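Chains as they are written, first to last, in the numbering used here: chain A, 38 to 151; chain B, 2 to 114.
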Amino acid sequence: DTAVSQTPKYLVTQMGNDKSIKCEQNLGHDTMYWYKQDSKKFLKIMFSYNNKELIINETVPNRFSPKSPDKAHLNLHINSLELGDSAVYFCASSVTSGGAYEQYFGPGTRLTVT
Amino acid sequence: SQKIEQNSEALNIQEGKTATLTCNYTNYSPAYLQWYRQDPGRGPVFLLLIRENEKEKRKERLKVTFDTTLKQSLFHITASQPADSATYLCARGVETGRRALTFGSGTRLQVQP
Numbered sequence: 038d039t040a041v042s043q044t045p046k047y048l049v050t051q052m053g054n055d056k057s058i059k060c061e062q063n064l065g066h067d068t069m070y071w072y073k074q075d076s077k078k079f080l081k082i083m084f085s086y087n088n089k090e091l092i093i094n095e096t097v098p099n100r101f102s103p104k105s106p107d108k109a110h111l112n113l114h115i116n117s118l119e120l121g122d123s124a125v126y127f128c129a130s131s132v133t134s135g136g137a138y139e140q141y142f143g144p145g146t147r148l149t150v151t
Numbered sequence: 002s003q004k005i006e007q008n009s010e011a012l013n014i015q016e017g018k019t020a021t022l023t024c025n026y027t028n029y030s031p032a033y034l035q036w037y038r039q040d041p042g043r044g045p046v047f048l049l050l051i052r053e054n055e056k057e058k059r060k061e062r063l064k065v066t067f068d069t070t071l072k073q074s075l076f077h078i079t080a081s082q083p084a085d086s087a088t089y090l091c092a093r094g095v096e097t098g099r100r101a102l103t104f105g106s107g108t109r110l111q112v113q114p
């Protein structure tokens, strides 16, 4: 059974378009995240949601808008795509008990903006 | 800001040897450090977590240490195998209670048969 799934796995689009990436977790976790991994392989937090409530919003252009319809889903919508948005986007989830949050990552969505 | 540094971009070792990867952090000690494995084209996979008050943690052939004096964590893989070849990421909490991680840039381990 897939724990954290993302769709699509690959996304190729042109500058200026709007696109969405979907994420679902079946682990029963109450916190979900979006990370961006750039060409240098740095993995950087973008957003974090706990029980559908936004708790972290790092310095991300407001063209990026996360949406959490329920605890098991966290989608990422990107408006007016730019070349610099090309990266791999990872969704993750975690439990919140115990004070330490090991995270479970999805397979990633490779976004290429041309 | 709290940083995580993995100074070795790549490490090549012979099968059977022990691989040792280094993770350094800045400013105050995090409550815990985490280690992940990432294979090409895949998401990171959690391996081990070590808390600030723990000196050492083991899981099968893996061992992690946490030295608050040196501000450093070491990650060891004993009796390494070619299947251990991957990128290993060290991570710390962004801030207490904020539930997200700051990752290092990773060390790419290559185990030669």
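Here a beta-carbon is modelled for each residue, glycine too, at the ideal position from N, C-alpha and C. Source: prediction; values computed, not measured.
Chain B residues whose Cβ lies nearer than 7 Å to that of Glu-139 (chain A) = If you number the first sequence from 1, residue 139 (chain A) lands on position 102. Contacts between Glu-139 (chain A) and chain B, judged by CB atoms closer than 7 Å, involve Gln-35, Phe-47 and Leu-50 in chain order.
Anyone know if the C-beta pair for Thr-88 (chain B) and Arg-59 (chain B) falls short of 7 Å?
-> The residue you call residue 88 (chain B) lines up with position 87 of the second sequence. The residue you call residue 59 (chain B) lines up with position 58 of the second sequence. In this structure, Thr-88 (chain B) lies away from Arg-59 (chain B), with their beta-carbon atoms at least 7 Å apart.
Would you identify the three-state DSSP class for Ala-129 (chain A), choosing helix, strand or coil?
-> Counting from 1 along the first sequence, the entry for residue 129 (chain A) is found at position 92. In the structure shown, Ala-129 (chain A) falls within a strand segment according to DSSP collapsed to helix, strand and coil.
Taking 6 Å as the cut-off, is the CB of Ala-11 (chain B) close to at least one heavy atom of the ligand MN?
-> Inclusion of the ligand MN in the displayed structure is not the case, the ligand content being empty and no account of it being possible.
By Cβ distance, which residues of its chain are closer than 7 Å to Lys-18 (chain B), with the 5 residues on each side in sequence left out?
-> On the second sequence, position 17 is the one that residue 18 (chain B) refers to. Residues of the same chain with a CB within less than 7 Å of the CB of Lys-18 (chain B), apart from the 5 flanking positions on each side, are Ser-81 in chain order.
Chain-order list of residues whose beta-carbon lies under 7 Å from that of Glu-16 (chain B) (same chain, five-residue window excluded) = As a first step, residue 16 (chain B) must be located in the second sequence, where it is residue number 15. The residues are Ser-81, Gln-82, Pro-83, Val-112, Gln-113 and Pro-114.
Proximal residues of chain B, C-beta to C-beta of Pro-144 (chain A) below 7 Å = The residue you call residue 144 (chain A) lines up with position 107 of the first sequence. Near Pro-144 (chain A) (Cβ distances below 7 Å), the residues of chain B are Arg-43 and Gly-44.
Within-7 Å CB hit, Tyr-70 (chain A) to chain B | Residue 70 (chain A) sits at position 33 when you count from the first residue of the first sequence. Contact of Tyr-70 (chain A) with chain B is assigned, a C-beta pair being separated by under 7 Å.
Distance, Tyr-37 (chain B) Cα to Ser-106 (chain B) Cα | Looking up residue 106 (chain B) in the second sequence gives position 105. Looking up residue 37 (chain B) in the second sequence gives position 36. Distance between the alpha carbons of Ser-106 (chain B) and Tyr-37 (chain B): 12 Å.
Contacting residues, own chain, Cβ-Cβ under 7 Å from Glu-139 (chain A) (five flanking each side not counted) = What you label residue 139 (chain A) is simply residue 102 of the first sequence in a count that begins at 1. Beyond the five residues adjoining it in sequence on each side, Glu-139 (chain A) comes within less than 7 Å, by CB distance, of Ser-131 in the same chain, given in chain order.
Do Gln-51 (chain A) and Gly-143 (chain A) come within 7 Å of each other at the CB atom, strictly closer than that value?
-> By one-based count along the first sequence, residue 143 (chain A) stands at place 106. By one-based count along the first sequence, residue 51 (chain A) stands at place 14. Between Gly-143 (chain A) and Gln-51 (chain A), the C-beta gap is not smaller than 7 Å, which leaves the two residues out of contact.
Sort A:Gly-65, A:Lys-77, A:Leu-113 and A:Lys-108 by Cα distance to Ile-58 (chain A) and report the nearest one.
-> Translated into the one-based positions of the first sequence, residue 58 (chain A) becomes position 21. The residue with the shortest Cα to Cα distance from Ile-58 (chain A) is A:Leu-113.
Unbroken beta strand (DSSP E) run spanning Glu-61 (chain A), endpoints | Numbered from 1 along the first sequence, position 24 holds the residue referred to as residue 61 (chain A). Annotation: the continuous beta strand (DSSP E) that includes Glu-61 (chain A) extends over 56 to 62.
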